[in-house]
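Same order as they appear, the protein sequences are chains A and B. As numbered in our numbering, residues -16 to 216 make up the first sequence, in order. As numbered in our numbering, residues 325 to 615 make up the second sequence, in order. C-beta atoms are modelled at their ideal positions from N, C-alpha and C, and glycine is treated no differently. A short worksheet on the structure shown next.
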Amino acid sequence: MLRVEKLESRYGRIPALKGISLRVEAGELVALVGANGAGKSTLLRALSGVQPVSGGSVAFCGENVTAATPEARVRLGIVQVPEGRQVFGPLSVEDNLRLGAYRRGRAQIEASLAYVYGLFPDLVERRAQPAGNLSGGQQQMLAMGRALMARPRLLLLDEPSMGLAPRLVAGIFACITKLRGDDTAIFLVDQNARAALAIADRGYVLETGSIVLAGTGAELLADQAVRSAYLGL
Amino acid sequence: MSGELAQFLLSGLTVGSIYALVALGFAIIYNASHVINFAQGEFVMIGGMATVSLLGAGLPLALAAALAVALAALIGLALARFAVQPARGASVVTLIIITIGAAILLRGLAALVWDKRIHALPAFSGDAPIAVAGATLAPQSLWVIGVTALIVCALWAFFNRTLNGKAILAVSHNRLAAQLMGISVRRVLLVSFALSAALGALAGILVAPITFTSWDVGVMLGLKGFAAAILGGMGSGPGAVLGGLVLGLLESLGAGYLSSAYKDAIAFIVMLAVLMLMPGGLLGARAAERV
Ligand SMILES: Nc1ncnc2c1ncn2[C@@H]1O[C@H](COP(=O)(O)OP(=O)(O)OP(=O)(O)O)[C@@H](O)[C@H]1O
Ligand SMILES: [Mg+2]
């Protein structure tokens, strides 16, 4: 479904992605692990079309989207929950959710709202509050809900557990597993490599802009290099 | 209330409404793009001058005014598309210089296409003054205040009640997240320039029967609108309206009770005082980060 070939991106003259190739199949949950500054967020931003690429290609469902605008990719079903949640603080919870469905027909919004409120009941009673007033965990739910409003076929998650209490982290991972059950593929970046690989079908390891290792989630969890570098074992 | 005071308040509200419309133009563009559009005053000029010339060509006033607003909106679109958008990513100072350049160009074109004379539009519904609280009110003042009130309500509804309006707010709050939701930042920029240009033109048409219009009215009205936007808090819609009204009242009271020689200085004193003492303005949520 997603085919990335030799993707390159740079900040000025400094390369951040040095020829990334990977794929995500329909309905798959794929994890990407890597140290701070490895280029994980850069890769996700490039996939969403908000980071210029200097080489390589991205294809989605057989369509070349390397030069597509961010909004065209959202329409195709590539939707991202960015690092740090990035909710629209002064706007209400419900406005945030409705804006997630900006590219979709008005008629479909109500059904999606009901679906997202069902998934995150905490948001229902706060629907009229400014998003900025929510706790970190609630903002993460809102950011995920907002992305789900777009009906993603490929959901890109950048550090969904960052800065959350351990109790909430488990909830977020449980929720991610549940989402995959529907026909949504998920590409997950998280510093909690163990939890991410544990729920992933497959995984990639990114080091300073290059993929250095790929395998099933179980294979990577068992890999000696991964264990010492990312799992602290 | 003394008749004199009532008179000053009424004329302050009238001119303040015009400043409010111009200030709203500044705020909308600033929100969408963080650009301070110093060509905003030229839209005021285009509105007045185009209406004068279309009226002269024999069109009825309402049609001439509507076409003038449409023309200004088109020019606003062109400014965004061909001058601002290509410089996306440039520093704020660069963008400001671009809008100043555009203002000079538009002024020059206006002098060329039209002329350098001063023109008046006829008042929309005659000149018979209306007596209010011991003062007299020109019917045109009612037009100015009434249309401004309508526009303010319509804008409020657009930004608070429609998804497209909220999408523009979303871009101003968090550009990256808005893009990731599929909101086209390009289109928001175009829409905001067209909308601001239309507001400016409308202000220029409304005020032309009172203060006359000419190729260079945009300079002073643009600066007054800018001062009003700063006073209200750059980027705040309600602030722009409040800033415009307060500035209009200060000017009118200052001219009435001190000396009319100081009228134009008041806007600049207010602007400097706000920038030095409370850079966030009356209603600005954020500090004036890049002004
Ligand atoms: N806006 C920027 N300008 C210049 N360099 C940048 C910029 N953003 C990121 N970089 C650099 O690009 C490299 C990759 O950054 P990126 O944010 O993609 O890493 P990451 O893997 O997501 O890290 P983290 O775990 O901290 O989120 C880093 O060396 C970073 O310093
Ligand atoms: Mg990152």
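Residue pairing by DSSP places V16(A) opposite V188(A) in a beta bridge. Legend: CB atoms of the stretch 24 to 37 of chain A lying less than 7 Å from CB atoms of chain B belong to residues S31 and V33. As summarised for the stretch 7 to 89 of chain A, the continuous alpha helix (DSSP H) elements at least 4 residues long and confined to that stretch are 23 to 31, 53 to 59 and 76 to 83, given in chain order. Excluding five sequence positions before and after V41(A), the CB atoms of its chain that fall closer than 7 Å to its own CB belong to V(-13), L(-10), L30, V48 and T49, given in chain order. In the three-state DSSP reduction, A518(B) falls in the helix class (H, G or I). Annotation for Q112(A): S75 and V76 place their beta carbon closer than 7 Å to its own, counting only its chain and skipping 5 residues before and after. Q63(A) is classed as buried because its beta carbon has at least 16 other beta carbons within 10 Å across all chains shown. Nearest to G72(A) by C-alpha distance, out of A51(A), V107(A), L125(A) and M132(A), is L125(A). Taking C-beta atoms under 8 Å as the contact rule, K548(B) and L571(B) qualify, at a distance of about 7 Å.
Of all residues in the stretch 494 to 514 of chain B, only A494, H497, N498, L500, A501, Q503, L504, M505, G506, I507 and S508 place a beta-carbon less than 7 Å from a beta-carbon of chain A.
It is roughly 44 Å from the alpha-carbon of Q331(B) to the alpha-carbon of D78(A).
With its beta carbon at least 8 Å from every one in chain A, L479(B) lies outside the interface. A130(A) sits in a helix when the DSSP states are folded into three classes. At least one heavy atom of ligand 1 is found less than 7 Å from the C-beta of G22(A). The residue from Q174(A), G192(A), P104(A) and A55(A) with its alpha-carbon nearest to that of S(-8)(A) is G192(A). By the Cβ criterion, the stretch 547 to 562 of chain B is in contact with the stretch 589 to 602 of chain B, since at least three pairs of Cβ atoms, one from each stretch, lie closer than 8 Å.
At a threshold of 7 Å, G17(A) counts as near ligand 1, since its beta carbon sits closer than that to one of the ligand's heavy atoms.
Look at the stretch 83 to 115 of chain A: the residues with a C-beta under 7 Å from a C-beta of chain B are G83, Y85 and R86. Remark: the shortest separation between the CB of D588(B) and any heavy atom of ligand 2 does not fall under 7 Å.
Here V16(A) is buried. Its C-beta has 16 or more other C-beta atoms within 10 Å.
Remark: the C-beta of Y(-6)(A) is in contact range of ligand 1, defined as less than 7 Å to any heavy atom.
Excluding five sequence positions before and after I92(A), the CB atoms of its chain that fall closer than 8 Å to its own CB belong to R81, A84 and M132, given in chain order. In this structure A168(A) touches L137(A) by the C-beta definition: roughly 5 Å separates them, less than 8 Å. No Cβ-Cβ contact shorter than 8 Å links A392(B) with G425(B). Taking one beta carbon from each stretch, the stretch 340 to 349 of chain B and the stretch 517 to 536 of chain B have 3 or more pairs nearer than 8 Å; the two touch. For V565(B) against V368(B), the beta-carbon gap comes to about 16 Å, at or over 8 Å, which does not count as contact. Per DSSP, the beta bridge partners of Y(-6)(A) are I(-3)(A). Residue contact check for L487(B) against chain A: a CB pair falls below 8 Å.
Three or more beta-carbon pairs separated by less than 8 Å link the stretch 387 to 401 of chain B to the stretch 504 to 518 of chain B, which places the two stretches in contact.
If you look at F406(B), you'll find it isn't in any beta strand (DSSP E); DSSP assigns it neither H nor E. An exposed status is given to Q207(A), since fewer than 16 other beta-carbon atoms sit within 10 Å of its beta-carbon. Cα atoms of M558(B) and A21(A): separation of roughly 39 Å, rounded to the nearest angstrom.
Close to G72(A), with beta-carbon spacing below 7 Å, are these residues of chain B in chain order: H497. The alpha helix (DSSP H) runs of length 4 or more contained entirely in the stretch 366 to 428 of chain B are, from start to end of the chain, 385 to 403.
Within the stretch 49 to 65 of chain A, the residues whose Cβ lies closer than 9 Å to some Cβ of chain B are T52, P53, E54, A55, R56, V57, R58, V62, Q63, V64 and P65, listed in chain order. The beta carbon of A491(B) sits closer than 8 Å to some beta carbon of chain A.
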